[in-house]
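Residue numbers (the numbering used here): 2 to 210. C-beta atoms are modelled at their ideal positions from N, C-alpha and C, and glycine is treated no differently. This report concerns only the one structure given below.
Next up, the structure:
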């Protein structure tokens, strides 16, 4: 099963990020990649570090099992089968969400840049479905061939997306889109429907007679 996990990881990363970057550049003339400098210790720095740990761990986990360096911690066909379904669904959610973002798709945040706020499609159900899909994909890959590097990768991804969204992207979106983003975030959950909604914008006070 480690070979299948490795193959799914490779295909998922190539399609969701490599191919998507090529398609985005052809459609917009822009790769969509942003690499803002973050100082060590900042939330953005930690999120970048943890994203790196997650990506390396996702590759290393099935690879080390294949070559015999690490033994699977659990082996059960139901867990493996569920992992296949979750990993494929996770990668599919990433790709669909990227498509729904259209020209607004980015990896990274450039504070001076303004893109259209996307609130339709899958973004009507969750504000960060790409990250939801990435987390699901890594947990699915771990379940296909359970080993400790994959567990580290999945946990690192969960922490990374929380830091990136709460400390980097939400402040940027609030500064850029103001009340429109806050109203959207008040009705749509952060990663899954209904959970992680922000407080609605304060109602305008009415003049008293």
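On the CB-based measure, 16 or more other CB atoms within 10 Å of its CB, does residue i come out buried or exposed?
i, result
"residue 37", "exposed"
"residue 130", "buried"
"residue 208", "At residue 208, the pLDDT of 42 sits below 50, so the modelled position is not reliable and the matter cannot be decided from this model."
"residue 75", "exposed"
"residue 118", "exposed"
"residue 21", "buried"
"residue 206", "Caution is warranted here: a pLDDT of 40 is assigned to residue 206, below 50, making its placement in the model unreliable, and the coordinate value is therefore given only provisionally. Burial call: exposed."
"residue 25", "buried"
"residue 171", "buried"
"residue 84", "buried"
"residue 51", "buried"
"residue 112", "exposed"
"residue 104", "exposed"
"residue 71", "buried"
"residue 228", "The displayed coordinates of the chain run from 2 to 210. Any statement about residue 228 would go beyond what the structure contains."
"residue 98", "buried"
Using three-state DSSP, classify residue i as helix, strand or coil.
i, result
"residue 108", "strand"
"residue 13", "helix"
"residue 34", "strand"
"residue 59", "helix"
"residue 151", "helix"
"residue 125", "helix"
"residue 141", "helix"
"residue 197", "coil"
"residue 42", "coil"
"residue 190", "strand"
Looking only at C-alpha atoms, which of the options sits nearest to residue i?
i, options, result
"residue 44", "182, 181, 163, 174", "163"
"residue 73", "6, 177, 124", "6"
"residue 29", "145, 139, 116, 154", "116"
"residue 149", "58, 48, 47", "58"
"residue 108", "12, 64, 83, 132", "132"
"residue 147", "64, 120, 113, 128", "64"
"residue 90", "71, 140, 189, 103", "140"
"residue 153", "18, 31, 23, 53", "53"
What separation, rounded to the nearest whole angstrom, lies between the Cα atoms of residue i and residue j?
i, j, result
"residue 196", "residue 187", "10 Å"
"residue 66", "residue 34", "32 Å"
"residue 168", "residue 174", "11 Å"
"residue 16", "residue 96", "8 Å"
"residue 156", "residue 3", "19 Å"
"residue 159", "residue 142", "14 Å"
"residue 199", "residue 68", "46 Å"
"residue 179", "residue 39", "24 Å"
"residue 161", "residue 12", "22 Å"
"residue 127", "residue 189", "6 Å"
"residue 181", "residue 192", "19 Å"
"residue 151", "residue 61", "8 Å"
"residue 9", "residue 88", "8 Å"
"residue 47", "residue 41", "8 Å"
"residue 86", "residue 77", "15 Å"
"residue 177", "residue 145", "41 Å"
"residue 135", "residue 92", "7 Å"
"residue 165", "residue 82", "31 Å"
"residue 183", "residue 100", "23 Å"
"residue 110", "residue 123", "21 Å"
"residue 31", "residue 23", "9 Å"
Less than 7 Å between CB atoms is the rule here; does residue i satisfy it with respect to chain C?
i, result
"residue 157", "Of the protein chains in the structure, only one exists, and it is not chain C."
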